[in-house]
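Novice:
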Amino acid sequence: MARFAIADDAFDIAPLRAGLLRAEAGAYASFEGWVRNHNDGRAATGLRYESYRALAEAEGERILDEALARFPIADAACVHRIGDLAVGDLAVWVGVSAAHRDAAFAACRWIIDEVKSRVPIWKHERYAEGDAQWLHPSSP
Amino acid sequence: MARFAIADDAFDIAPLRAGLLRAEAGAYASFEGWVRNHNDGRAATGLRYESYRALAEAEGERILDEALARFPIADAACVHRIGDLAVGDLAVWVGVSAAHRDAAFAACRWIIDEVKSRVPIWKHERYAEGDAQWLHPSSP
Amino acid sequence: MARVTVLYFASLRDAAARDSEVVDHEGDLAALYAHLRERHGFALPIERVRVAMDGAFADWRDCPRGGAEVAFIPPVSGG
Amino acid sequence: MARVTVLYFASLRDAAARDSEVVDHEGDLAALYAHLRERHGFALPIERVRVAMDGAFADWRDCPRGGAEVAFIPPVSGG
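So this is what it looks like as structure tokens:
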């Protein structure tokens, strides 16, 4: 089953979290990215994400496979929204279950960092002044 | 309003998470501790947590106050179960919202570490062999 | 001489076979623990125990006032 | 000469004013980007762009076969 998914609409976290429960897992770390009302000092009113879907799904899946190989975790999953989002909407969710919290936290952080740097998804941000732009950040 | 709570019964995460949503917060990190089916190499069937409730609530609140002072976060909360728990039950939940993910992850990790080391709650673990014991770990 | 209520938790409660007891005590909290450790055979040395008084962590050198509520806090294991 | 379909995303799509186009091309993917950058006035230099072919990341020195689907990937900003 795919561990990474692109969602066209708002999605429920509860069943995704439940899918990571394991009797041998004592720790669960999760991360959520929410649409903020500001970015780089500008008031933002919402945004649109678009993806190169086939490649985004393949690259997301690769990231989760790599996380399972790199960290002593039980399972991991990630869902990224695309389409139009308003302030406060859930943009991305990552969940990781593991026997211990060290690995759960480390893998969760690693996954969101890799998703942000590798998965072909682009953010088009709308500002309170009425303009909008694609964000193409320089590599860190 | 109290940010830290002791729960006598199973509790819902959804409203706690919703209480941390902020228009200026783009990141949310959470941690959950689940009852595992093993500990220190022994098969466990369940456990009981007891607390010195008045001090646990005061100390938990202090930890969250300290987290808000130490990290650039928007809000944080923690709930710890007491009573009888079965394998897979939720024992503790921590949630943190922040403008950025660095602070959300760091504060979430710091809070669960402090809760585990400072809050007067004790775990009585039952094993598959039929025996049980209080866990009084040595300081790390 | 101060009359204090002592609360026991976890393995200390099991060893004392009670949740709490009222004790007449003279001296600091360290002396109180030493006394009760001997009475009940607590396995934990004082170095591994913390002490609270009236709902807040206290110092072992504090001397309880009459009516104080003292709690011995064995190493915690929440989470 | 290979006939390839080129996909545009985000600011590249805005600059090209289309989602995709069919191009006859000879040479590697780097040459293809240089050619199309000139045609559409893409602001992004090749150093800031990645390239994919047929749904997988590719090397700029790869030469597309006829019928290939090529995508230019500007710096991503998910999350």
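Chains as they are written, first to last, in the numbering used here: chain A, 1343 to 1482; chain B, 1343 to 1482; chain C, 1175 to 1253; chain D, 1175 to 1253. Glycine is no exception: its CB is placed at the ideal position from the N, C-alpha and C atoms.
Going by beta carbon distance, what residues of the same chain come within less than 7 angstroms of A:Asp-1417, once the five residues before and after it are set aside?
Specialist: Position 75 of the first sequence, counted from the start, is the residue given in the question as residue 1417 of chain A. Excluding positions up to five away in sequence, the list reads Leu-1362, Arg-1364, Ser-1439.
Novice: Whole beta strand (DSSP E) runs in the segment 1416–1469 of chain A with 3 or more residues, listed along the chain?
Specialist: Those beta strand (DSSP E) runs which fall completely within the segment 1416–1469 of chain A and span 3+ residues are 1425–1428, 1432–1440, 1463–1469.
Novice: Can you name, in chain order, every residue of its own chain whose Cβ lies under 7 angstroms from the Cβ of B:Ala-1396, other than the five neighbours on each side?
Specialist: For the purposes of this step, residue 1396 of chain B is taken as residue 54 along the second sequence, with counting starting at 1. Hits under 7 angstroms: none found.
Novice: Check the C-beta distance from C:Pro-1248 over to C:Val-1225 and give it rounded, since I have them as a contact under 8 angstroms.
Specialist: As a working mapping, residue 1248 of chain C is identified with position 74 in the third sequence. As a working mapping, residue 1225 of chain C is identified with position 51 in the third sequence. Their Cβ separation, rounded to whole angstroms, is 11 angstroms, which puts C:Pro-1248 and C:Val-1225 out of contact at 8 angstroms.
Novice: Could you tell me if B:Ser-1393 is buried or exposed, where buried requires 16 or more neighbouring beta carbons within 10 angstroms of its beta carbon?
Specialist: On the second sequence, residue 1393 of chain B is found 51 positions in, with the first residue counted as 1. Buried.
Novice: Residues of chain D with CB under 7 angstroms from A:Ala-1428, in chain order?
Specialist: Taking the first sequence and counting its residues from 1, the one referred to as residue 1428 of chain A is at position 86. Near A:Ala-1428 there are no residues of chain D at all, since even the closest Cβ is about 17 angstroms away, more than 7 angstroms.
Novice: Please name the residue or residues paired with B:Glu-1392 in a DSSP beta bridge.
Specialist: Your numbering for residue 1392 of chain B matches position 50 in the second sequence. Partner(s): B:Trp-1464.
Novice: Using a Cβ cut-off of 9 angstroms, pull out every chain C residue sitting near B:Ala-1433, in sequence order please.
Specialist: Counted from its first residue, the second sequence places residue 1433 of chain B at position 91. By Cβ distance, chain C contributes Gly-1252, Gly-1253.
Novice: Quick one: is B:Gly-1472 buried, meaning 16 or more other Cβ sit within 10 Å of its Cβ, or exposed?
Specialist: What you label residue 1472 of chain B is simply residue 130 of the second sequence in a count that begins at 1. B:Gly-1472 comes out exposed.
Novice: Does the separation of the CB atoms of C:Val-1180 and C:Glu-1195 fall below 8 angstroms?
Specialist: Taking the third sequence and counting its residues from 1, one reaches residue 1180 of chain C at position 6. Taking the third sequence and counting its residues from 1, one reaches residue 1195 of chain C at position 21. Cβ distance < 8 angstroms, so C:Val-1180 and C:Glu-1195 count as in contact.
Novice: Determine the chain D residues that contact A:Val-1457 at a beta-carbon separation under 7 angstroms, and present them in chain order.
Specialist: In the first sequence, residue 1457 of chain A corresponds to position 115, counting from 1. Near A:Val-1457 (Cβ distances below 7 angstroms), the residues of chain D are Gly-1252, Gly-1253.
Novice: Determine, using beta carbons only, whether B:His-1478 and C:Leu-1203 come nearer to each other than 8 angstroms.
Specialist: By one-based count along the second sequence, residue 1478 of chain B stands at place 136. By one-based count along the third sequence, residue 1203 of chain C stands at place 29. In this structure, C:Leu-1203 does not lie closer than 8 angstroms to B:His-1478 by Cβ.
Novice: Along the chain, where does the alpha helix (DSSP H) that runs through C:Arg-1211 open and close?
Specialist: Taking the third sequence and counting its residues from 1, one reaches residue 1211 of chain C at position 37. That run of the alpha helix (DSSP H) goes 1203–1214.
Novice: Give me the Cα-Cα distance between D:Asp-1233 and A:Pro-1462, rounded to the nearest whole angstrom.
Specialist: The residue given as residue 1233 of chain D occupies position 59 in the fourth sequence. The residue given as residue 1462 of chain A occupies position 120 in the first sequence. When rounded, the distance between both Cα atoms is 16 angstroms.
Novice: Whole angstroms is fine: what's the gap from C:Asp-1193's alpha carbon to C:Ser-1185's?
Specialist: Start at 1 with the first residue of the third sequence, and residue 1193 of chain C comes out as number 19. Start at 1 with the first residue of the third sequence, and residue 1185 of chain C comes out as number 11. C:Asp-1193 and C:Ser-1185: Cα-Cα distance of roughly 11 angstroms.
Novice: With DSSP run on the structure shown, which of helix, strand or coil describes A:Asp-1350?
Specialist: Sequence index remark: in the first sequence, residue 1350 of chain A carries index 8 (1-based). Correct three-state label for A:Asp-1350: coil.
Novice: Starting from the Cα of C:Ser-1251, find the closest Cα among B:Arg-1412, B:Ala-1470, B:Ala-1433 and give me that residue.
Specialist: For the purposes of this step, residue 1251 of chain C is taken as the residue at position 77 of the third sequence. When only C-alpha atoms are compared, the closest one is B:Ala-1433.
Novice: I'd like the span of the alpha helix (DSSP H) that includes A:Ala-1360, first residue to last.
Specialist: Here residue 1360 of chain A refers to the residue found at position 18 when the first sequence is read from its first residue. That run of the alpha helix (DSSP H) goes 1356–1360.
Novice: Between A:Ala-1371 and A:Ala-1446, is the Cβ-Cβ spacing less than 8 angstroms?
Specialist: Counting from 1 along the first sequence, the entry for residue 1371 of chain A is found at position 29. Counting from 1 along the first sequence, the entry for residue 1446 of chain A is found at position 104. A contact, by the Cβ cut-off of 8 angstroms.
Novice: Consult DSSP for B:Ser-1372 and reduce its assignment to one of helix, strand or coil.
Specialist: Within the second sequence, numbered from 1, the residue matching residue 1372 of chain B stands at position 30. Residue state, collapsed to three classes: strand.
Novice: With a threshold of 8 angstroms on Cβ separation, who are the neighbours of B:Ala-1349 within its own chain once the five nearest residues in sequence on each side are excluded?
Specialist: As a working note, residue 1349 of chain B is residue 7 in the second sequence. These residues qualify, in order along the chain: Val-1421, His-1422, Arg-1423, Ile-1424.
Novice: When you compare the CB positions of D:His-1214 and D:Ala-1245, do they come within less than 8 angstroms of one another, or not?
Specialist: To locate residue 1214 of chain D, count along the fourth sequence from 1; it is residue 40. To locate residue 1245 of chain D, count along the fourth sequence from 1; it is residue 71. Going by C-beta atoms, D:His-1214 is not nearer than 8 angstroms to D:Ala-1245.
Novice: Kindly say whether B:Gly-1375, judged by its beta-carbon, lies nearer than 8 angstroms to any beta-carbon of chain C.
Specialist: On the second sequence, residue 1375 of chain B is found 33 positions in, with the first residue counted as 1. Taking Cβ atoms only, chain C reaches closer than 8 angstroms to B:Gly-1375, which makes this a yes.
Novice: Classify B:Ala-1369: buried if its beta carbon has 16 or more other beta carbons within 10 angstroms, exposed otherwise.
Specialist: Here the question's residue 1369 of chain B lines up with position 27 in the second sequence. Flag for B:Ala-1369 reads buried.
Novice: Residues of chain A with a CB under 7 angstroms from the CB of D:Ala-1189: which are they?
Specialist: Within the fourth sequence, numbered from 1, the residue matching residue 1189 of chain D stands at position 15. Correct list: empty, because the minimum Cβ distance to chain A is about 10 angstroms.
Novice: Give the straight-line distance between the Cα atoms of D:Gly-1229 and A:Gly-1383, rounded to the nearest whole angstrom.
Specialist: Here the question's residue 1229 of chain D lines up with position 55 in the fourth sequence. Here the question's residue 1383 of chain A lines up with position 41 in the first sequence. Each residue's Cα considered, the two are about 36 angstroms apart.
Novice: Helix, strand or coil for A:Leu-1363? Go by DSSP, reduced to three states.
Specialist: Here residue 1363 of chain A refers to the residue found at position 21 of the first sequence. Three-state result, A:Leu-1363: coil.
Novice: The beta strand (DSSP E) that contains C:Asp-1188, what's its start and end?
Specialist: If you number the third sequence from 1, residue 1188 of chain C lands on position 14. First-last for C:Asp-1188: 1184–1190, but that is the alpha helix (DSSP H), not the beta strand (DSSP E).
Novice: My output table needs one value for A:Arg-1378: the three-state DSSP class, helix, strand or coil.
Specialist: Along the first sequence, one-based indexing puts residue 1378 of chain A at 36. In the structure shown, A:Arg-1378 sits in coil (DSSP, three-state: anything other than H, G, I, E or B).
Novice: What residues in its chain sit with their C-beta under 7 angstroms from that of B:Glu-1467, if we drop five residues either side in the sequence?
Specialist: Along the second sequence, one-based indexing puts residue 1467 of chain B at 125. Result list for B:Glu-1467: Asn-1381, Ala-1386, Leu-1389, Ala-1474, Gln-1475, Leu-1477, in chain order.
Novice: Three-state secondary structure (DSSP) at C:Ala-1242?
Specialist: Taking the third sequence and counting its residues from 1, one reaches residue 1242 of chain C at position 68. Of the three classes helix, strand and coil, the one that applies to C:Ala-1242 here is coil, per DSSP.
Novice: When you compare the CB of C:Leu-1206 with every CB in chain B, is at least one pair closer than 8 angstroms?
Specialist: Numbered from 1 along the third sequence, position 32 holds the residue referred to as residue 1206 of chain C. Not an interface residue.
Novice: Cβ atoms of A:Arg-1359 and A:Gly-1430: under 8 angstroms apart, would you say?
Specialist: Locating residue 1430 of chain A in the first sequence gives position 88, counting from the first residue. Locating residue 1359 of chain A in the first sequence gives position 17, counting from the first residue. Not closer than 8 angstroms, so no.
Novice: Look at the alpha carbon of C:Pro-1238 and the alpha carbon of A:Asn-1379, and state the distance between them as a whole number of angstroms.
Specialist: Working through the third sequence from its first residue, we reach residue 1238 of chain C at position 64. Working through the first sequence from its first residue, we reach residue 1379 of chain A at position 37. Roughly 54 angstroms between the two C-alpha positions.
Novice: Against chain A, does B:Tyr-1391 count as a neighbour if the rule is that its beta carbon must be under 8 angstroms from one of theirs?
Specialist: As a first step, residue 1391 of chain B is located in the second sequence; it is residue number 49 there, counting from the start. Chain A, which has no Cβ nearer than 8 angstroms to the Cβ of B:Tyr-1391, makes this no.
Novice: Which residue or residues does DSSP assign as beta-bridge partners of C:Val-1180?
Specialist: Taking the third sequence and counting its residues from 1, one reaches residue 1180 of chain C at position 6. Bridge partners of C:Val-1180: C:Glu-1195, C:Val-1244.
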